[in-house]
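The numbers in this note's numbering rise by one with no breaks, and the one at position 26 of the sequence shown is 269.
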Amino acid sequence: MRTLIFATNNQHKIDEIKKVIGEQFNIITLQEAGINIDIPEPHDTLEANATEKSTTIYSITKLDCFSEDTGLEVEALNGEPGVRSARYAGDGKNFQANIDLLLNNLENRTNRKARFRTVISLLMDGKEFFFEGICEGEIIQQQSGNKGFGYDPVFIPLGSSKTFAEMSMDEKNVFSHRRKATDLLLQFLAEIK
Ligand code: IMP
Numbered sequence: 244m245r246t247l248i249f250a251t252n253n254q255h256k257i258d259e260i261k262k263v264i265g266e267q268f269n270i271i272t273l274q275e276a277g278i279n280i281d282i283p284e285p286h287d288t289l290e291a292n293a294t295e296k297s298t299t300i301y302s303i304t305k306l307d308c309f310s311e312d313t314g315l316e317v318e319a320l321n322g323e324p325g326v327r328s329a330r331y332a333g334d335g336k337n338f339q340a341n342i343d344l345l346l347n348n349l350e351n352r353t354n355r356k357a358r359f360r361t362v363i364s365l366l367m368d369g370k371e372f373f374f375e376g377i378c379e380g381e382i383i384q385q386q387s388g389n390k391g392f393g394y395d396p397v398f399i400p401l402g403s404s405k406t407f408a409e410m411s412m413d414e415k416n417v418f419s420h421r422r423k424a425t426d427l428l429l430q431f432l433a434e435i436k
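Rendered as C-alpha cells:
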C-alpha cells in the first residue's frame, strides 16, 4: 500500500479525508510522522498556500505528500473571505468570531450564495499536481448544528436542507468540496499505479 503524508494539523480534515481515501492508501499525519510545525499560509491564493504546505513537508521528509487549502467564497462579498477564511476575524483563527463577522457582513443581503473551494497539492517524486473541489451552497441567517468545524454551522450545500454542522461526516462527504478534490486525487493515483 502506498504511503502518503497529509500535511495538516487539522484533525477534522484528517478524519474527513481518511474516510474517503483511507482504505486505499496509508495516510500519515504530520503528528504520526513526528513533525511538529505550524506551516505558514502567507499567500493570496489557495493554490500558493497548498504548495507552501506540501513543499515544506516534502523538503523535510522527501516522502510523497499532499496538502490542501480551503476557502469560503461568498458572492455578495466579492469572494471574501476566500483565502483569508481562517483569519477572517483576526489572527486567533476563532471559528465563532469568523462566523459572527460573516453573518454581520451579510446582514440585509438577499444574495446568500457561497461556495467552498478546496485545492489539493500533491508532491510525488518531486513533481506537483493540483486537484480542485467545489461545493456550491448558501449562507443561512442563523447558525445551526454543532458538528464539523469552521463555517459548517452557517453553510447549506445545494441539494440539502441541512447545514454541514447538522450532518454526520458521511453525509457531509456526499456534498463536500474536500471529498470532490480527494476523489480527483484518488482517480489520479489509481491511473498512475
Ligand atoms: P485552511 O486554511 O484550509 O485550514 O482553512 C481555512 C478556513 O476555512 C478554516 O479555518 C475554516 O474556518 C474554513 N474551512 C475549511 N474547510 C472547511 C469546511 O469543510 N467546513 C467549514 N469551514 C471550513
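Quick reminder that beta carbons are idealized off the backbone N, C-alpha and C, glycines included.
In this structure, Gln386 keeps its C-beta atom at 8 Å or more from the C-beta atom of Pro400. The beta carbons of Tyr394 and Asn341 sit closer together than 8 Å. Nearest neighbour of Glu318 by Cα position, chosen from Thr298, Leu344, Thr353, turns out to be Thr353. CA-to-CA, the gap between Asp287 and Glu295 works out to about 12 Å. Annotation note: the region 351-409 contains the following uninterrupted beta strand (DSSP E) runs of length 3 or greater, listed N- to C-terminal: 356-367, 370-382, 398-400.
Close to the ligand IMP, as judged by a C-beta nearer than 5 Å to any of its heavy atoms, are the residues Asp312, Thr313, Ser328, Ala329, Gly393, Tyr394, Asp395, in chain order. In its chain, beyond the 5 residues on either side, no residue has a beta carbon closer than 6 Å to the beta carbon of Ser403. Sequence-distant partners of Lys415 (beyond 5 residues in either direction) whose C-beta falls short of 6 Å from its own C-beta, in its chain, are Phe407. Contact between Phe309 and Ile271 is absent: CB atoms are separated by about 11 Å, not below the 8 Å threshold. Thr361 and Lys261 have their C-alpha atoms spaced approximately 16 Å apart. Look at Ser310 here: in three-state DSSP terms it is strand. DSSP places Glu266 outside both helix and strand once states are collapsed to three, so it counts as coil.
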